[in-house]
Amino acid sequence: MSDNESEQPLALELATILQVLRDGRIELQGLLPWSSNYTFLVEVHADEPSELVLGAVYKPQRGENPLWDFPQGTLYKREAAAFMISHALGWHLVPPTVTRQGPHGVGSVQLLIHADYEQHFFTLKEGRERDFQRMALFDIVINNADRKGGHVLVDDDQRIWAIDHGICFHDEYKLRTVIWDWVGEDIPAEDLADLKQLAQDLEPDSSLTQALNAMLYPREIKAMRQRLSRLISNAKFPASYGQRSIPWPPV
């Protein structure tokens, strides 16, 4: 079986999920109480005759609390942009995410991951080096200002997922993460190749850049290209050069 044939079911599944998240009928199930912004558990129903129903997390723009360092009303777009970069890398760390109208206005809608919510980075990292190396690199690329240990999930199939990317992509250095385990070590060759491909995919006239233009400011996309270029050039996991390199609380 060729690579294309083996990947086709996955690609079809993702396309179906994105289509339902984007166009399906949303039914509110409840408010998630532990979130810093208004976040709703929802069901998204595919159009008839399909009986497909997806659990999802809906974050409306109007429920975003103001932040001094991020433009107001942009966090939901950053959630979708993080999925775009994860997908472009081929690492599939971020659950499928779209922006759309919902019961409380425009916002992000992300596929719900059924997970053991007692688990987090600090309980999961042993034996998952490759997963978390990629997550560390991903966070550098998107300039994640809030990679807490609890923003890592493991699903029923033991797959690792990354969530909560509303405060990413700032054009100034904002990286705060609990994942600093490989500082100074070489980036694995496979991951470096993926980063180089992403750099090509982020050329100004590319389809990826055009999609990101609807989610981010031009200066933020430019800054991402610069972070990516430095990462590729150095080919090592960088050290922090900020005083606040770990989010609080760390979980």
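Quick note: the sequence shown, position 223, residue 223 per the working numbering, numbers continuous. Glycine is no exception: its CB is placed at the ideal position from the N, C-alpha and C atoms.
Collapsed DSSP secondary structure at residue i in the structure displayed
i	result
L32	coil
F237	coil
Y76	helix
K59	strand
L67	coil
S50	coil
E5	Summary for E5: the model assigns pLDDT 35, below 50, so the residue's position carries little reliability; its value from the coordinates is reported in the next sentence. Here E5 sits in helix by DSSP.
I26	strand
V183	coil
V109	strand
V178	coil
R244	coil
A145	coil
A11	Bear in mind that a pLDDT of 49 at A11, under 50, signals an unreliable position, so the model cannot answer this.
CB of residue i within 8 Å of CB of residue j, strictly
i	j	result
P96	L21	yes
E220	D171	yes
M224	K77	no
R134	T177	no
L212	V98	no
A82	I140	no
A88	L198	yes
E38	P60	In the sequence as displayed, the identity of residue 38 is Tyr instead of Glu. The answer is yes: Cβ separation under 8 Å.
L75	S86	no
I187	F237	yes
L195	L202	no
Limits of the unbroken beta strand (DSSP E) element including residue i
i	result
H45	F40 to H45
T209	Unbroken run through T209 is the alpha helix (DSSP H), S207 to N213; no beta strand (DSSP E).
V154	V152 to V154
V98	T97 to G102
Residue i burial status per 10 Å Cβ neighbour count (16 or more: buried)
i	result
G55	exposed
L111	buried
E5	A caution first: E5 carries a pLDDT of 35, below 50, which makes its placement in the model too unreliable to give a value.
W161	buried
H114	exposed
T123	exposed
L31	exposed
S229	exposed
S245	exposed
L10	Residue confidence for L10 is low, a pLDDT of 46 falling below 50, so the modelled location carries little weight and cannot support an answer.
V183	exposed
G166	buried
G90	exposed
L52	exposed
D157	exposed
P49	exposed
G107	buried
D23	exposed
Residue i: first and last residue of the uninterrupted alpha helix (DSSP H) it sits in
i	result
T163	The residue asked about is misnamed: residue 163 is Ile in this sequence, not Thr. Premise fails: I163 is in no alpha helix (DSSP H) and is neither H nor E.
R134	E129 to I142
Q197	A189 to D201
T123	F121 to L124
Below-8 Å beta-carbon distance, residue i vs any chain D residue
i	result
E27	Of the chains in the structure shown, none is chain D; there is only one protein chain.
Integer-rounded CB distance, given that residue j should sit under 8 Å from residue i
i	j	result
P250	G149	6 Å
L28	V42	6 Å
L275	A235	It is not possible to answer for residue 275, since the shown part of the chain is limited to 1 through 251.
K174	A145	4 Å
Residue i beta carbon near the ligand FMN (any heavy atom closer than 7 Å)
i	result
D146	Ligands are entirely absent from the displayed structure, and the ligand FMN is therefore not among its contents.
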